[in-house]
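The sequence shown maps to residues 1 to 291 in the UniProt record's numbering.
Notes follow once the structure below has been shown.
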Amino acid sequence: MKVHPRCSYCLLSRVHQEAELSTDDEELIQKAILGGIKVLNSLYEPGMSAAELSTPMHRKAYEILDDNDPYKSMKELSSKTASRFMPVIRSHVFNGDGDDVATFKRAVLAAVIGNYFDYGVMGLEVPIDVFDETFKEHFQRGLDIDDTDKILDKLSNVVYLADNCGEILIDTLVFEIIKKMGGNITLVVRGAPILNDVTMEEIEEFGIADKVDRVLTTGSNAIGVRLQEAPQDLKDALDNASLIISKGMANYETMSEENYRPIAYLLKVKCDPVGEDIGAPKGCSVARLFE
1 MKVHPRCSYC LLSRVHQEAE LSTDDEELIQ KAILGGIKVL NSLYEPGMSA AELSTPMHRK
61 AYEILDDNDP YKSMKELSSK TASRFMPVIR SHVFNGDGDD VATFKRAVLA AVIGNYFDYG
121 VMGLEVPIDV FDETFKEHFQ RGLDIDDTDK ILDKLSNVVY LADNCGEILI DTLVFEIIKK
181 MGGNITLVVR GAPILNDVTM EEIEEFGIAD KVDRVLTTGS NAIGVRLQEA PQDLKDALDN
241 ASLIISKGMA NYETMSEENY RPIAYLLKVK CDPVGEDIGA PKGCSVARLF E
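Rendered as structure tokens:
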């Protein structure tokens, strides 16, 4: 995905947010914002990849703040909230009908709804305090773009690019049904903390490695998947996948710049630029396959 003019001030708002999460020192917050502005001024060019701007802006903010994980408390909150409601979510997905195909569709829907509970997207209110009500409302609505039927025959060797903490727990329901249907799963998480994305720390904390065949990392704290920083085992996994499942907007921003096929994007459209690029209005629940 190419950068949109609206990305510029959204990125600065996120730099401001992570600075306030990290410190109450107003001078340091100002320095972080100025650092982001300097990166924006030096790198921004129309037509560039969105992640080639966002990654250096966040890295500069983290450097100035001297904080490698300013979202730590938010990640813990989202994981705690998702854990609390997992029995309810699971009951929606595994409703006892015994139909694996229908269960897979419901698991994908649940995972997409989990992507809605995000932090730092400008203009997005995260209804963490009404998680249960909001989840049920979106579950009843279903997927706005639903390619799950076309995804079903491609699950033999899946590479699953994870996104945020909290929602990764809901993703495990997708893993469970893929494994039941005979598929293998390579789960990919960030190589180091960036925003509220899941890392190996959370995978170990929640025992998620036991639910997949192997876990790899992106090799760095880049936004999405930055292939020039990715380890060879990840590149090999992507090359050999029967299907890549890309979760969330950051992974979409990076993977849509590459030529990997088939790839399924599972996400809630949380901003207009992503919506315009993927072809779905803001607010849509998307499971879109590109072959």
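Beta carbons are placed, not taken as given, at the ideal position from N, Cα and C, and that holds for glycine.
For residue i, the three-state DSSP class (helix, strand or coil)
| i | result |
| --- | --- |
| residue 3 | coil |
| residue 145 | strand |
| residue 218 | coil |
| residue 23 | coil |
| residue 209 | helix |
| residue 285 | strand |
| residue 300 | Lying outside 1 to 291, the shown extent of the chain, residue 300 is not represented and no answer is given. |
| residue 279 | coil |
| residue 73 | helix |
| residue 185 | strand |
| residue 54 | helix |
| residue 256 | coil |
| residue 94 | coil |
Beta-carbon proximity check, residue i vs residue j, cutoff 8 Å
| i | j | result |
| --- | --- | --- |
| residue 229 | residue 222 | yes |
| residue 287 | residue 134 | no |
| residue 110 | residue 61 | no |
| residue 224 | residue 186 | no |
| residue 196 | residue 74 | yes |
| residue 247 | residue 116 | no |
| residue 82 | residue 208 | no |
| residue 85 | residue 139 | no |
CA-to-CA distance, residue j to residue i, given in whole angstroms
| i | j | result |
| --- | --- | --- |
| residue 251 | residue 163 | 7 Å |
| residue 289 | residue 101 | 17 Å |
| residue 242 | residue 264 | 11 Å |
| residue 50 | residue 272 | 14 Å |
| residue 14 | residue 21 | 10 Å |
| residue 99 | residue 266 | 22 Å |
| residue 145 | residue 285 | 7 Å |
| residue 184 | residue 155 | 7 Å |
Bridge partners - residue i, DSSP secondary structure assignment
| i | result |
| --- | --- |
| residue 246 | 161, 265 |
| residue 195 | Residue 195 is not bridged to any residue. |
| residue 190 | 199 |
| residue 49 | 2 |
| residue 85 | DSSP output for residue 85 lists no bridge partner at all. |
Sequence-distant residues of the same chain with beta carbon closer than 6 Å to residue i, five excluded per side
| i | result |
| --- | --- |
| residue 12 | 36 |
| residue 198 | 162, 165, 168, 189 |
| residue 64 | 31, 32, 35 |
| residue 79 | 165, 166 |
| residue 141 | none |
Spatial neighbours of residue i in its chain, beta-carbon cut-off 7 Å, leaving aside the 5 residues before and after
| i | result |
| --- | --- |
| residue 233 | 216 |
Contacting residues, own chain, Cβ-Cβ under 8 Å from residue i (five flanking each side not counted)
| i | result |
| --- | --- |
| residue 107 | 93, 173, 174, 176, 177 |
| residue 97 | 103 |
| residue 44 | 3, 8, 53 |
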